[in-house]
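Below is one structure; the comments refer to it alone.
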Amino acid sequence: MKLVFSEARSDYSRYLYPYVIWALPEPGEQPAGFFRQGFLPASPQMDCYYLCRNLRLPLAGWQPSSENRRILRKGDGLRAELILRPDFAYTEARRQVWKQFADERFGEDVMSYGRLDMLMASPVVSHLLQFTDPATNAEVGTVLLFLQEPALAYYYYAFYDLAHRGRNLGMYMMTRAAQLFAERGVVHLHLGTCYSRRALYKTQFAGIEFCNGFRWSADLAELKYQIDRDERQVGKHLLDVPEYRDGFYNGSLRAITEASAFRLTT
């Protein structure tokens, strides 16, 4: 794994020198190693990864909570089928349904037809999880996934029938995916980034962890602190804030460095 540090906007007066951290694979390296260190794919070709605040759910021993079970009951009867991308019929009808969903949920053309087509021809989508209502044989939802068993499943994009809002279909699909991959013995389910309060719905799973830049943390108070901090003007980087160090690491820089997964040797 080679790291490249790409400079972002700095604030010299406040000693803020930010860098976006990219990781590039070396021969023989597998995606699981990048996910394990807190990186997500920056390219659909999976030839570049970026370090970010993202979520993963450890699945060994995971059991759905009472809230998870309530969500699962709302989807009682729906069928979930895991399909290899080459075996999935990416039809024009499905393409249009996904685009219509994306326009309504994300904004018009945030997800273009071109991007959909690119994703469906890229390594980052290795499998699809198809949800069908057996009573009508209607497709009600599809998840685009990257799967490297047994190490990980990456829940990348989900498209579903918005007419099923009353069933909490989006949350059901994510919860059912956690259940399915736990049953298959997958180690982690990765759920994407978490940079706003709107993304906190992804944390409704016992044991969920987030990458804070130097380690995986299961402390949701720490995650919410970082989200709250994003919503106001800040004049220091995170580890330079005594409130953060004192509140979550007993004021100890050594505790932070010992928790870090990164080490450079010279």
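The numbering of the sequence shown is this note's numbering, which starts it at 2 and goes up by one. Note that beta-carbon positions come from the ideal geometry of N, C-alpha and C, so glycine has one too.
Residue span of the alpha helix (DSSP H) that contains residue i, given as start and end
i	result
residue 67	67-75
residue 247	243-250
residue 118	114-120
residue 203	Looking at the DSSP string, residue 203 is not in any alpha helix (DSSP H), and its letter there is neither H nor E.
residue 59	Not the alpha helix (DSSP H): residue 59 falls in the beta strand (DSSP E), residues 55-59.
residue 32	32-37
Reduced DSSP secondary structure (H/G/I, E/B, other) of residue i
i	result
residue 109	coil
residue 171	helix
residue 237	coil
residue 139	strand
residue 193	strand
residue 223	helix
residue 63	coil
residue 13	helix
residue 210	strand
residue 180	helix
residue 8	strand
residue 149	strand
residue 98	helix
Beta-carbon proximity check, residue i vs residue j, cutoff 8 Å
i	j	result
residue 69	residue 204	no
residue 45	residue 125	yes
residue 181	residue 128	no
residue 120	residue 145	yes
residue 130	residue 81	yes
residue 264	residue 228	no
residue 83	residue 96	no
residue 240	residue 257	yes
Best match in the options for proximity to residue i [C-alpha to C-alpha]
i	options	result
residue 23	40, 31 and 16	40
residue 277	184, 37 and 26	Absent from the model: residue 277. The displayed extent of the chain is 2 to 267, so no value can be given.
residue 87	150, 122 and 65	122
residue 242	15, 112 and 10	15
residue 172	105, 202 and 196	202
residue 50	65, 33 and 66	33
residue 1	79, 231 and 186	Coverage of the chain is limited to positions 2 through 267, which leaves residue 1 absent and any answer about it impossible.
residue 179	61, 107, 91 and 224	61
residue 151	170, 217, 169 and 183	183
residue 27	9, 12, 21 and 5	5
residue 222	162, 245, 97 and 10	245
residue 30	43, 231, 9 and 3	3
residue 232	162, 196, 133 and 117	196
residue 47	160, 25, 65 and 109	25
residue 142	161, 136, 135 and 134	161
residue 168	134, 113 and 215	134
residue 73	170, 220, 234 and 200	170
Closer than 7 Å: residue i CB and nearest the ligand NAD heavy atom
i	result
residue 8	This structure simply doesn't include the ligand NAD, nor any ligand for that matter.
Residue i - containing beta strand (DSSP E), residue span
i	result
residue 134	128-134
residue 81	80-85
residue 159	153-161
residue 25	20-25
residue 254	Where residue 254 is concerned, there is no enclosing beta strand (DSSP E), although the alpha helix (DSSP H) it sits in stretches over 254-260.
residue 42	40-42
residue 50	50-52
Do the stretch 54-70 and the stretch 209-228 meet, that is, are 3 or more Cβ pairs less than 8 Å apart? With the cut-off at 8 Å, the stretch 54-70 and the stretch 209-228 touch.
Taking 8 Å as the threshold, find out whether the stretch 182-200 comes into contact with the stretch 151-167 through three or more Cβ pairs. With a cut-off of 8 Å on Cβ pairs, the stretch 182-200 is in contact with the stretch 151-167, counting three or more such pairs.
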